[in-house]
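Visitor:
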Amino acid sequence: MKVGIDAGGTLIKVAYTDEGEVHFAKHPIADIGSVAEWINGLPVSEVCVTGGKSGVLASLLEQPVQEMVEFEATHLGVQVLLERMGLHHEAYLVTNVGTGTSIHCVQDNSQERLGGTGIGGGTLIGLSHLLTGITSFDEIVEHAKRGSRERIDLKVKHIYEGKEPPISGELTASNFGQDLFAISHELSKEELLATVIGLVGETVSTVSVHAARQCRSSTIVYIGSSFSDNALLKEVVTSYTILRGSTPLFPDNGEYSGAVGALSVLEQKKEHQS
Ligand SMILES: Nc1ncnc2c1ncn2[C@@H]1O[C@H](COP(=O)(O)OP(=O)(O)OP(=O)(O)O)[C@@H](O)[C@H]1O
Ligand SMILES: [Mg+2]
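Following this note's numbering, the numbering of the sequence shown begins with 109 at its first residue and continues without gaps.
This is how it looks when you write it as structure tokens:
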């Protein structure tokens with residue numbers, strides 16, 4: 109049994125092979141001790157860890173572990189996931205919306221980090237909690253699905269009153285930018301949470317389409333657990349990315365990119381040895 113683990117700021121992602129099949133598991137980082145115990149109890153032959161908390165996890169594991177640089181693991185994992193979907197792109201941008209957001213250009217089989225933004229999945233949970241008291245990611249997403257941003261976001265058309273705007277009037281001029289003082293007490297959690305997801309989605313896609321200009325491709329591969337079962341965030345990111353002339357792609361199991369990359373390194377080693 110081989111195990112690839114991506115221990116990030118919020119979640120530990122595990123990809124492991126058992127009788128030739130790949131399995132996935134995800135746990136909160138607070139459970140790092142029990143994840144280590146689980147792995148220590150498995151008939152594991154090799155482990156490769158990556159992510160910001162990989163050192164902490166490695167120190168809790170009983171068997172020797174290989175450590176991999178996070179960006180390399182993610183890059184390799186994305187390559188593997190795209191190939192599994194039958195997709196072969198020579199160049200593309202990777203936007204990893206994890207706790208924070210990191211943007212990479214992949215070309216000629218190597219990756220270069222172009223930048224990022226502190227607006228990410230951590231912002232999604234943090235702001236949502238401050239505004240509504242809700243702590244569960246699934247609950248946040250569930251409520252947001254039913255909400256409208258209409259009363260909270262200020263659109264370009266709201267500023268250009270009685271006048272043709274120079275850009276689409278439907279674009280957001282200011283997230284949370286409407287005059288909210290008079291209505292703040294009557295806004296529902298659905299409205300507030302939909303607007304938080306709008307803010308995160310529009311920010312990460314805006315930064316990504318700008319970064320795409322530095323990369324020889326307009327394909328943007330979006331990964332990270334912020335998109336897990338989060339159709340609304342995908343929808344916001346998809347429509348803004350397309351509007352700005354790029355093509356969004358959400359690989360299956362994209363949140364496991366780092367873990368899949370770590371597992372693939374172990375698999376490749378086996379191929380070299382045999
Ligand atoms: N069950 C969950 N619990 C908490 N957050 C979740 C959950 N499922 C999805 N998320 C979202 O995914 C985000 C974390 O994404 P991801 O796992 O890709 O980041 P990470 O690898 O832990 O962080 P980083 O890469 O920045 O170190 C959270 O901030 C949250 O928005
Ligand atoms: Mg991560």
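Positions of the beta carbon are idealized from the N, C-alpha and C atoms, including for glycine.
Note that the structure is a prediction, hence the values are computed from the model and not measured.
1) May I have a chain-ordered list of the beta strand (DSSP E) segments no shorter than 3 residues that lie completely inside the region 218-243?
2) Helix, strand or coil for I331? Go by DSSP, reduced to three states.
3) Run through the region 127-205 for me and flag every whole alpha helix (DSSP H) of 4 or more residues, listed as ranges in chain order.
4) Assign F289 to one of two classes, buried (16 or more other C-beta atoms within 10 Å of its C-beta) or exposed (fewer than that).
5) Can you name the residues that DSSP bridges to H318?
6) To which residues of the same chain is L168 closer than 6 angstroms at the C-beta, ignoring the five residues directly before and after it?
7) Whose CA, out of Y330, I305, Y348, T346, lies closest to the CA of G230?
8) Note down, in chain order, each residue of its chain lying with its Cβ closer than 8 angstroms to the Cβ of E170, except the 5 sequence neighbours on either side.
9) Do the CB positions of A367 and A123 come within less than 8 angstroms of each other?
10) Figure out for me which residue from Q376, L374, S333, N361 has the closest Cα to the Cα of I233.
11) For G206, verify whether its CB is less than 7 angstroms away from any heavy atom of ligand 2.
12) Do you know offhand how far D360's Cα is from P273's?
13) Taking only three categories from DSSP, how would you classify G112?
14) Please name the residue in E127, G159, V315, L195 whose C-alpha comes closest to that of T203.
15) Please determine if the region 283-302 and the region 148-162 are in contact, where contact requires at least 3 C-beta pairs separated by less than 8 angstroms.
16) Using the beta-carbon count (16 or more within 10 Å), is P172 buried or exposed?
17) Do G206 and G226 have their beta-carbon atoms positioned less than 8 angstroms apart in this structure?
18) For G362, verify whether its CB is less than 7 angstroms away from any heavy atom of ligand 2.
19) Considering only residues of the same chain and omitting the five flanking positions on each side of N338, which have a CB-CB separation below 7 angstroms?
Guide: Concretely, from the data shown:
1) Within the region 218-243, the runs of beta strand (DSSP E) at least 3 residues long that lie entirely inside it are, in chain order, 218-225.
2) Residue state, collapsed to three classes: strand.
3) Unbroken alpha helix (DSSP H) stretches of 4 residues or longer found wholly inside the region 127-205: 140-148, 162-168, 178-192, given in chain order.
4) Classification of F289: exposed, given that the 10 Å Cβ count is below 16.
5) Looking at the DSSP assignment, H318 forms no beta bridge with any residue, so it has no partner.
6) Within the same chain, L168 has close Cβ partners A144.
7) For G230, the nearest C-alpha among the options comes from I305.
8) Cβ within range, chain order: N148.
9) Yes.
10) Restricting attention to Q376, L374, S333, N361, the CA atom closest to the CA of I233 is found in S333.
11) Yes, the Cβ of G206 comes within 7 angstroms of a heavy atom of ligand 2.
12) Whole-angstrom Cα-Cα distance: 39 angstroms.
13) Strand.
14) Considering only E127, G159, V315, L195, the residue with the shortest C-alpha distance to T203 is V315.
15) No, the region 283-302 is not in contact with the region 148-162.
16) By the beta-carbon neighbour count (other beta carbons within 10 angstroms, threshold 16), P172 is exposed.
17) No, they are not a contact pair.
18) It does not: the Cβ of G362 is nowhere closer than 7 angstroms to a heavy atom of ligand 2.
19) The answer, listed in chain order, is V249.
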